[in-house]
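In order, the protein sequence lines correspond to chains P, F, G and X. Heads up: the first sequence begins at -16 in this note's numbering, then just goes up one per residue. Heads up: the second sequence begins at -16 in this note's numbering, then just goes up one per residue. Heads up: the third sequence begins at -16 in this note's numbering, then just goes up one per residue. Heads up: the fourth sequence begins at -16 in this note's numbering, then just goes up one per residue. Structure first, then comments.
4 protein chains.
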Amino acid sequence: MKNLTFLFLLFLSYPSFSQNHQQPYLNLAEAERISDAAEARARQDNWNVVIAILDNGGHLLLLKKMDGTQIGSVEVAQAKAKSAVYFKRSTKVFEDAVNEGGNRILSLPNAIPIEGGLPIFKDGIIVGSIGISGVTSVQDGIIAEAALKAL
Amino acid sequence: MKNLTFLFLLFLSYPSFSQNHQQPYLNLAEAERISDAAEARARQDNWNVVIAILDNGGHLLLLKKMDGTQIGSVEVAQAKAKSAVYFKRSTKVFEDAVNEGGNRILSLPNAIPIEGGLPIFKDGIIVGSIGISGVTSVQDGIIAEAALKAL
Amino acid sequence: MKNLTFLFLLFLSYPSFSQNHQQPYLNLAEAERISDAAEARARQDNWNVVIAILDNGGHLLLLKKMDGTQIGSVEVAQAKAKSAVYFKRSTKVFEDAVNEGGNRILSLPNAIPIEGGLPIFKDGIIVGSIGISGVTSVQDGIIAEAALKAL
Amino acid sequence: MKNLTFLFLLFLSYPSFSQNHQQPYLNLAEAERISDAAEARARQDNWNVVIAILDNGGHLLLLKKMDGTQIGSVEVAQAKAKSAVYFKRSTKVFEDAVNEGGNRILSLPNAIPIEGGLPIFKDGIIVGSIGISGVTSVQDGIIAEAALKAL
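Here's what the structure looks like:
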């Protein structure tokens, strides 16, 4: 449990800003395309989930709760998405770390160690994130991956 | 600890009500119709707003943030909608009361005395609410009214 | 107290995004220039304040607490800055509204009706905000105004 | 209600300690020296981090977010620093304990078991703390150690 060789905890990732102090962002039309792809993937297996898409500051751009999804998933989807944009990495990275014994991550503010949250990048710059909750965390992750292909 | 094959974490579950005691509810397709009507009304005047639609338990069914809307409206739209479904009345009722001197309402948990939040009824039963934020509170109210005509 | 003619509450302000989905942002060097100007203005009158500068998502870029400032101002400065970036307007606008009888604003999530918080724009796009707290709200406002001239 | 001439709201106040019972404290000039040393150490390896420095009451004296640092680090850096001053020890002590199986520490209020938070002492008296977040926890710790040599 100790001597974790991957003490990666807050790993440097992709910081690079354009010279003229401009950065890309995510708009509602793009968020809707991503959400539609997530919903289509979920329906394919008859899964019911909440889809949450955040901007680069962690604020909601779009949320949809498919019929029959447990109400707890409304917050969980947002929490996964928040973790992904706050730490610029998949929530699966934290899940794996906890599964390998990295319990200290459980106390990291805003980190959720459960698959289903992914950051969204444009030109290597983080512009937001997606969080999925409602089925198993592996299935939530499958939906999130499929969704980002729509961007 | 790793290789948990049943990473089910958030298990799929289905709603089911007894045959005899039924209540109407709002589904995602209806929430989308309402949201589309709100967005259309907003675009008509070039207004940018956040649209939040809640179910009868006060949980988010759908949220959209139109491009350019101030980020503060993400929470405000949800707060207005929450007030409307928690108290089964328009937030305008509380606004009028405060404007008439009823400052005690400012301490009422979950009440927001600012126009733009409306309850949604079916057959006289409350099924959810809508909250709009982004322009003036009167304009937010106009959008909310227009949206509910789509139901 | 009623019939407030300026029911401006959430007024549309400056939304406009570049065509190519890029937007300007505030960097640390700029935040330091703004903070230095605030500090210089404060020292000119022997005022002690907390200076808080946020990015466009409401996250801290820089904070300084001058020696002798009351500890309560650490949160107040951040709250003023958050209000300014969340609602794209000076906290003085909310202060004036409350002074004219608009008490409903006291319940608006994240709004602080006390002078001393200003949004920061580049090319008409909001990129962050500054919040000052420590002396009178009028003096806090004077410091904030002076600070933004450094950008 | 309007035209309050004494909009003093947050009144200027001065610290003063009795002659006989003195304790050392950290001032802004020292916090800036510490922060500059942290920033210099980070730049040496092209690391981007948030630097947070607290006083002996756990209140922010200074915070800087270097460009490109994940926004999650704003809270994490403060949480590490808070842990260090609240418990007068390095956050590494708690990290080691959790890694050795001491999961009970995960429920300890305000304790963060992740390297990168250090208390600051003068004459054996705690006067504040530093928290670093943005790269790996070991790297965060290296920056924090380097920073304290500047005092």
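Virtual Cβ for every residue (Gly too), placed ideally from N, Cα, C.
Should residue i and residue j be called a contact, given that it needs their Cβ atoms to be closer than 8 Å?
i	j	result
Gly99(F)	Lys71(F)	no
Ala35(F)	Ile103(F)	no
Ile125(X)	Ala21(X)	no
His4(P)	Val57(F)	no
Ala94(G)	Ser66(G)	yes
Leu131(F)	Leu101(F)	yes
Leu37(F)	Gly107(F)	no
Lys75(P)	Pro7(P)	no
What did DSSP end up calling residue i once you bin it into helix, strand or coil?
i	result
Lys65(P)	helix
Ile95(F)	coil
Asp79(P)	helix
Gly100(X)	strand
Val110(P)	strand
Ala133(X)	coil
Gln122(X)	helix
Phe(-11)(P)	Reliability of the predicted coordinates at Phe(-11)(P) is poor, the pLDDT of 40 falling under 50, and no value is obtained from them.
Ser73(G)	coil
Ile88(P)	helix
Ile17(F)	helix
Using the C-alpha atoms, what's the distance from residue j back to residue i?
i	j	result
Met49(F)	Val68(F)	23 Å
Pro96(G)	Val32(P)	39 Å
Ser120(P)	Asn39(X)	42 Å
Arg87(G)	Leu46(F)	24 Å
Gln61(F)	Ile17(G)	34 Å
Val59(X)	Leu91(P)	7 Å
Phe(-11)(X)	Leu44(X)	Unreliable placement is indicated for Phe(-11)(X), whose pLDDT of 43 sits below 50; the coordinate value is still reported in the next sentence. Those two C-alpha atoms are separated by around 28 Å.
Leu89(G)	Gln53(F)	18 Å
Phe77(F)	Gly85(F)	8 Å
Glu128(X)	Gln122(G)	38 Å
Gly55(G)	Gly117(G)	8 Å
Ile109(X)	Gly51(P)	54 Å
Asp19(F)	Asp19(P)	15 Å
Query raised in the report: If we count Cβ pairs, one from each stretch, closer than 8 Å, do we get three or more for the stretch 11 to 19 of chain P versus the stretch 67 to 81 of chain P?
Result: no
Query raised in the report: On the three-pair Cβ rule with 8 Å, is the stretch 21 to 29 of chain P touching the stretch 15 to 28 of chain F?
Result: no
Query raised in the report: Curious, which full-length beta strand (DSSP E) runs of at least 3 residues does the stretch 20 to 48 of chain G contain?
Result: 33 to 38 and 43 to 48
Query raised in the report: Looking at chain A, which residues of the stretch 28 to 42 of chain X have a Cβ within less than 7 Å of any of its Cβ atoms?
Result: Given the protein chain composition of this structure (P, F, G and X), no chain A is represented.
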